[in-house]
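Below: one structure, written as structure tokens.
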Amino acid sequence: MFTKAQELLASYFGYSSFRRGQDETIKNVLDGKDTVCIMPTGGGKSICYQIPALVFEGTTLVISPLISLMKDQVDTLVQNGISATYINSSISITEANQRIQLAKQGHYKLLYVAPERLDSMEFVDQLIDMKIPMIAIDEAHCISQWGHDFRPSYLHIHRILDYLPEKPLVLALTATATPQVREDICNTLGINQENTIMTTFERENLSFSVIKGQDRNAYLADYIRQNQKESGIIYAATRKVVDQLYEDLMKAGVSVSKYHAGMSDTDRNEQQELFLRDEVSVMVATSAFGMGIDKSNIRYVIHYQLPKNMESYYQEAGRAGRDGLDSACILLYSSQDVQVQRFLIDQSTGESRFSNELEKLQNMTDYCHTEQCLQSFILQYFGEEPKEDCGRCGNCTDDRESIDVTRESQMVLSCMIRTNQRFGKQMIAQVLTGSKNKKVIEFNFHTLPTYGLLSNRSVKEVSEFIEFLISDELIAVEHGTYPTLKVTEKGKEVLLGKENVLRKERVETRQIVQDHPLFEVLREVRKEIAQGEGVPPFVIFSDQTLKDMCAKMPQSDSELLTVKGIGEHKLVKYGSHFLQAVQHFIKDNPNYAETVKTEVVTERKKSGKASANSHLETYEMYKQGIDLDEIAKERGLSRQTIENHLIRSFEDGMEIDWNSFVPAEYESLIETAVQNAEGGLKSIKEQLPNEVSYFMIRAYLQFRK
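The numbering of the sequence shown is the numbering used here, which starts it at 452 and goes up by one.
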């Protein structure tokens, strides 16, 4: 049956092999095992149930809380020639009943429903007359009361399992689940924990960064200007901030939409459609936007304010780069955002979850102040131990000079000790800056030796410095009615002068990707077709498919089928439009086109077929002796991504001449740094000149073995 699944993948979706985790999940399901699949956003979870749905007889039921996702996925499936539909509150009762009758007749391979439908026994009764081989539960973390988006209706799923005459297979899927939530999902659905398939939470095409101490509005305006051709989402915590940002960006001439719960359904849907159809490039929204948005070509996600927890952040940030291309996830941090989120937690959280939510908020704050690899921080939060630093996040690529802040750290820690470790950061910051606040005087803290030691700084600056010390684990936070600060064992070592504290201090905006000149032409063709069919452009072809088309420049139907994401159905439907565009481009750019074409033909002769995975395509080009910068240029990827491809190829057993990537003059320097390093790659990098990249270090470590 798995061979059949592979054939269906190629025929309907245009891919010759499954991604990591997809194959294992699909094999499990085809073997009749109830399964939990945990895969990051953009990892391809939907394929894990869509392919088995095509293999099985009957209609697979997909439970999803996301109305917009249902529509996007059904649109995409229908474009691929697969019969699918959805039933939710966006359609009339008459239309819903018609779709139910068609489902009973076996007309659909997939039927999407919202979990709230399961609250109705009338609806559940209708399912008895359907042949349902499998139930796929999307966003399965909603089952757990410890999940960040608990939905009581999810607890009724077991009602279907017990009620249907033949128990269907169960596949539960989520992108964000801590170990506690994973256990809850298995227990609630009665799934053996051994049948949990978890790929790495790492997204190799995303670069994470945190921007602190800068004018957020100026940074935002500059970033959007640098990336004006790209689609991006800007998240804010409140409706008021969304409205203000929307007005500011409109005045600056940015094509922008907005989305929040205070808008009417009509306005929200209209604004969302403008963004999905690439008629505007930027969406400013609260967290109400994006759940289930299947737009694959979002190049950046910027959080203008701090999210309430890591689960929400990673899910929202993960909406960038779902097509696998390089994308950025940026968090603009301000300490006042912590108070905004604490207020929102106070207003919306029951007593039983209050301390848990505060702890999650503290983890989010720690993320903003850590100087370790940001991707590693995220992986550790979700219970995964990273093999090494990612080498691409804001912290890993930060070549700013480290400043010794041991003395300032000792001042803060000493002040905490002298105030008996009974206060929060605001009081400590006020004492250190010499504030004449009523409480400071009342407690006689103005008589302490530490009073006014940091009077050259503002309370805000000292508060942010304290947050850095918290993230560096020199200070612990005890949550109660009021959070209080405690000196940790590591902090005591600093106080005693046994350890030093280093901190880096400003970040420039950059352009995410440099596009192939043919890319804009193909994008216009895609947009024109999408407008004619009334669907978003990414439903026609993803950006990744267009990029691969740029690299391969197909001139026939058979060549077009080698492009990732083009199956037989879409070839027949759209092939001629894109072939015509490529042919016109080649005619107008003969020299450019011939160079690329020669390299691609050479690659095909060597491989005999289209490469199965992106990293293998890179490896084939590397084996031909093509320079890494040239590979990056031709493939429309960053040099860093190409380097990561080689590392992954090596892990898959391919041969790499690592020695060629390390200039001889740096070998002894790197060796010395390796011997003196106290941690991972980052501690090695900090001892070396800026021109020695993480990739050079990795290469050296490989040929040194």
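For every residue, glycine included, the Cβ atom is placed at its ideal position computed from N, Cα and C.
Item: Residue 967 burial status per 10 Å Cβ neighbour count (16 or more: buried); Value: buried
Item: Residue 1150 burial status per 10 Å Cβ neighbour count (16 or more: buried); Value: buried
Item: Host alpha helix (DSSP H) of residue 1074 (start-end); Value: 1065–1074
Item: Neighbourhood of residue 1117 by C-beta, 7 Å cutoff - its chain only, sequence neighbours within 5 removed; Value: 1143 and 1147
Item: CB of residue 922 within 8 Å of CB of residue 840, strictly; Value: no
Item: DSSP-derived helix/strand/coil call for residue 759; Value: coil
Item: Exposure label - residue 556; buried when at least 16 CB within 10 Å; Value: exposed
Item: Rounded separation between residue 875 and residue 977 - CA only; Value: 55 Å
Item: Expected contact under 8 Å - CB spacing of residue 487 and residue 594 to nearest Å; Value: No, residue 487 and residue 594 are not in contact; Cβ-Cβ is about 10 Å, not under 8 Å.
Item: Inside the region 583–634 only - alpha helix (DSSP H) runs reaching at least 4 residues; Value: 608–614
Item: C-alpha gap between residue 1009 and residue 456, whole angstroms; Value: 22 Å
Item: Length of the line joining the Cα atoms of residue 711 and residue 564; Value: 23 Å
Item: CA-to-CA distance, residue 575 to residue 611, given in whole angstroms; Value: 7 Å
Item: Nearest-angstrom Cα separation, counted from residue 821 out to residue 531; Value: 44 Å
Item: Outcome for residue 614 when other beta-carbon atoms lying within 10 angstroms are tallied against a minimum of 16; Value: exposed
Item: C-beta atoms of residue 989 and residue 748 nearer than 8 Å; Value: yes
Item: Check whether residue 561 and residue 473 have beta carbons under 8 Å apart; Value: no
Item: Chain B contact for residue 659 (CB, 8 Å cutoff); Value: Here there is only one protein chain, and chain B is not present.
Item: Limits of the alpha helix (DSSP H) - the one that residue 525 falls within; Value: 518–530
Item: Inter-stretch contact at 8 Å, needing at least 3 Cβ pairs: the region 857–873 / the region 830–844; Value: no
Item: Own chain residues within Cβ distance below 6 Å of residue 903, not counting five before or after; Value: 885
Item: Touch test, the region 505–519 against the region 783–795, Cβ-Cβ under 8 Å, three pairs minimum; Value: no
Item: Residue span of the beta strand (DSSP E) that contains residue 750, given as start and end; Value: 749–754
Item: Coarse secondary structure for residue 954, derived from DSSP in three states; Value: strand
Item: Distance CB(residue 973)-CB(residue 1012) smaller than 8 Å; Value: no
Item: Residue 881 vs residue 891 beta-carbon contact at 8 Å; Value: yes
Item: Bounding residues of the alpha helix (DSSP H) (the contiguous stretch that carries residue 1112); Value: It is not in any alpha helix (DSSP H) - residue 1112 carries neither H nor E in the DSSP assignment.
Item: Alpha carbon of residue 585 to alpha carbon of residue 465, nearest angstrom; Value: 24 Å
Item: Residues that residue 778 bridges to, as DSSP identifies them; Value: 657
Item: Three-state secondary structure assigned by DSSP to residue 554; Value: helix
Item: Buried or exposed by the 16-neighbour rule on C-beta atoms within 10 Å, applied to residue 810; Value: exposed
Item: Range covered by the beta strand (DSSP E) that runs through residue 486; Value: 486–489
Item: Classification of residue 815 by the beta-carbon crowding that lies within 10 angstroms, buried from 16 upward; Value: buried
Item: Local conformation of residue 725 per DSSP, three classes; Value: helix
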